[in-house]
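When the letters of the sequence shown are read in order and numbered with our numbering, they come out as residues 3 to 431.
Don't be surprised by glycine CBs; every beta carbon is placed ideally from N, CA and C.
On a predicted model such as this, the values are computed, not experimentally measured, just so you know.
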Amino acid sequence: MNANLLIQNATLPDGRMRHDVLALEGRIAAIGMNLTAPEGTPTIAANGQLLSPPFVDAHFHMDATLSYGLPRVNQSGTLLEGIALWGELKPHLTQQALVERALTYCDWAVAKGLLAIRTHVDICDDRLLAVEALLEVKRQVAPYLDMQLVAFPQDGLLRSPTALANMKRALDMGVDVIGGIPHFERSMAEGADSVRILCELAAERGLRVDMHCDESDDPMSRHVEALALQTHRLGLHGRVTGSHLTSMHSMDNYYVSKLLPLMAEAQLHAVANPLINITLQGRHDTYPKRRGMTRVPELLAAGVNVAFGHDCVMDPWYSLGSGDMLEVAHMGLHVAQMTSQAQMRQCFDAVTVNAAKVMGLDLDGYGLTVGCNADFVLLQAHDAVEAIRLRANRLCVVRRGRVIAQTAPLLAQLSLPGRPAQTAWNLPR
Ligand code: FE2
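Right, here's the structure in full:
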């Protein structure tokens, strides 16, 4: 399906304007002004709008997506009720329903220019139905979407009697990444043990790690420290991700001043999930209510790669969402108060290039440089900041040089009393 394509007069995320991008045989062959293409090459006029590498979601749960209301709605709005609710739903899951819901979500994702998703998959159901289903989905969507699966022991690696055996079975079946949930183990000590066991398994098998880590409001939760320690001890630098890290929001500042350099030393990646963190955390607070999102600007300043993930769409933990990573960036920007021009651009990076680094896609052709895969999204916005502000329309989504999704430009026809009729294109949705 690799194809040729010339995109003319685009603005690039780094601010370069009036640039053309030439794709040959599915790869970027040239970027510059006034490029020419072989005869017959399809051409897209970008008209000065933003051409970006596709959106990447570094943290998602595709086994639970689109199950909202099954078997009932989360009444307390807490993480723990969500886990209990998911436990009620699990025995009733069927492979067909899992595949259908996941494929529907992938359709939404592609239409939104989201072409790579790291999804956790619960391995605590001994049938491993969800693993089988998502491996099948990964195979089906491979021509247009990169999926990476994380074996996720939702009920605790040590707390759930068959989780470790199931983890190994899932990895043998082809799941890519080792997950964990140390804050859900029975004690802080068992949480640290689970981190050690899982990192040792990753070292043994040469795999990446991505753990739900310290997803609580407990300022004394210390599992990301254990994750940094084991990563450093086992030489897993750059291959390990701490997801959520919400307890960092509540930690003592002195302790964080020690923790950040340890995370940077281990080259940990961090994933915040703004929509979910702001929704699930702080539920035990009266006022003031904590926001619960990890310390994104401070992590970035310490040299830690930070991505924003969507985490949930219409499932036991979150009733909204649409696969729109600009909505995720928009919320992250607000919650972290990242309002300078440079910080707003960092929020765009958090759902594109930084998320690609979490998944290791930067080593596999992701990016907007010559030689990279010709994968793009053309946005109805003139720069990254405007794209976030408007949650911009995706005009065109390209995979390996071929257009795979298009949306008509949003145009509002205004007929206002006392004013000439006009067309406005840059209105928020
Ligand atoms: Fe998650």
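Just curious, the beta strand (DSSP E) that residue i is in, first and last residue?
| i | result |
| --- | --- |
| leucine 322 | No beta strand (DSSP E) holds leucine 322; DSSP gives it neither H nor E. |
| serine 245 | 242-246 |
| glycine 182 | 179-182 |
| alanine 47 | 45-47 |
| methionine 222 | Neither: methionine 222 is in no beta strand (DSSP E) and is coded neither H nor E. |
| cysteine 126 | No beta strand (DSSP E) holds cysteine 126; DSSP gives it neither H nor E. |
| leucine 397 | 396-401 |
Rounding to the nearest angstrom, what Cα-Cα distance links residue i and residue j in this structure?
| i | j | result |
| --- | --- | --- |
| alanine 39 | leucine 282 | 51 Å |
| leucine 302 | leucine 264 | 14 Å |
| leucine 81 | glutamate 217 | 9 Å |
| histidine 122 | alanine 99 | 17 Å |
| leucine 136 | glutamine 424 | 48 Å |
| tryptophan 110 | glutamate 83 | 27 Å |
| proline 93 | leucine 131 | 10 Å |
| valine 405 | leucine 117 | 13 Å |
| leucine 95 | leucine 412 | 39 Å |
| histidine 286 | alanine 394 | 35 Å |
| arginine 18 | histidine 63 | 35 Å |
| aspartate 317 | phenylalanine 154 | 16 Å |
| isoleucine 125 | asparagine 6 | 41 Å |
| tyrosine 256 | leucine 147 | 42 Å |
| cysteine 398 | leucine 87 | 38 Å |
| glycine 435 | alanine 144 | Here the chain covers residues 3 to 431 and nothing more, so residue 435 does not appear. |
| threonine 296 | phenylalanine 310 | 11 Å |
| serine 189 | serine 196 | 11 Å |
| glutamine 269 | isoleucine 119 | 21 Å |
| glycine 420 | alanine 410 | 29 Å |
| tryptophan 319 | alanine 12 | 39 Å |
| alanine 407 | proline 15 | 20 Å |
| asparagine 279 | aspartate 313 | 9 Å |
| aspartate 178 | proline 422 | 58 Å |
| aspartate 127 | lysine 170 | 13 Å |
| arginine 29 | leucine 363 | 15 Å |
| alanine 228 | arginine 74 | 36 Å |
| methionine 327 | glutamate 41 | 36 Å |
| alanine 344 | lysine 114 | 24 Å |
Is the distance from the Cβ of residue i to the Cβ of residue j below 8 Å?
| i | j | result |
| --- | --- | --- |
| alanine 338 | proline 290 | no |
| glutamate 187 | glycine 158 | yes |
| aspartate 385 | arginine 402 | no |
| alanine 172 | valine 133 | yes |
| alanine 205 | histidine 225 | no |
| histidine 271 | threonine 243 | yes |
| glutamine 97 | alanine 47 | no |
| arginine 347 | valine 387 | yes |
| serine 245 | methionine 213 | yes |
| alanine 60 | valine 330 | no |
| leucine 2 | arginine 396 | The first residue shown for the chain is 3 and the last is 431, placing residue 2 beyond what the model contains. |
| leucine 238 | valine 273 | no |
| phenylalanine 57 | valine 379 | yes |
| isoleucine 33 | valine 372 | yes |
| serine 321 | tyrosine 107 | no |
At what residues does the alpha helix (DSSP H) containing residue i begin and finish?
| i | result |
| --- | --- |
| alanine 230 | 225-235 |
| glutamine 424 | No alpha helix (DSSP H) holds glutamine 424; the beta strand (DSSP E) holding it covers 424-426. |
| leucine 301 | 298-303 |
| asparagine 375 | Neither: asparagine 375 is in no alpha helix (DSSP H) and is coded neither H nor E. |
| phenylalanine 350 | 343-351 |
| glutamine 415 | Segment 414-416 is the beta strand (DSSP E) holding glutamine 415; no alpha helix (DSSP H) there. |
| arginine 207 | 190-207 |
| leucine 100 | 97-113 |
| alanine 82 | Looking at the sequence shown, residue 82 is not alanine but leucine. Taken as a continuous stretch (DSSP letters only), the alpha helix (DSSP H) holding leucine 82 covers 81-91. |
| alanine 358 | 355-361 |
| alanine 5 | Taken as a continuous stretch (DSSP letters only), alanine 5 belongs to no alpha helix (DSSP H), as it is neither H nor E. |
| valine 387 | 386-392 |
| leucine 282 | 276-282 |
In the DSSP output, which residue or residues are listed as bridge partners for residue i?
| i | result |
| --- | --- |
| arginine 120 | Gln150 |
| leucine 26 | Arg29 |
| threonine 409 | DSSP output for threonine 409 lists no bridge partner at all. |
| glutamine 339 | Per DSSP, none; premise fails for glutamine 339. |
| histidine 21 | Ala12 |
| arginine 210 | Val179 |
| serine 54 | Val379 |
| asparagine 307 | His271 |
| cysteine 314 | According to DSSP, which records beta bridges pairwise, cysteine 314 is partnered with nothing at all. |
Any contact of the stretch 412-429 with the stretch 362-370, i.e. 3+ C-beta pairs under 8 Å? no
Pair every Cβ in the stretch 265-278 with every Cβ in the stretch 301-318, then say whether three or more of these pairs are closer than 8 Å. yes
Three or more C-beta pairs closer than 8 Å, one from the stretch 183-197 and one from the stretch 217-228: is that the case here? Three or more Cβ pairs closer than 8 Å define a contact, and the stretch 183-197 meets that threshold against the stretch 217-228.
With contact counted as at least three CB pairs below 8 Å, one residue from each stretch, are the stretch 15-35 and the stretch 47-67 in contact? A contact exists between the stretch 15-35 and the stretch 47-67.
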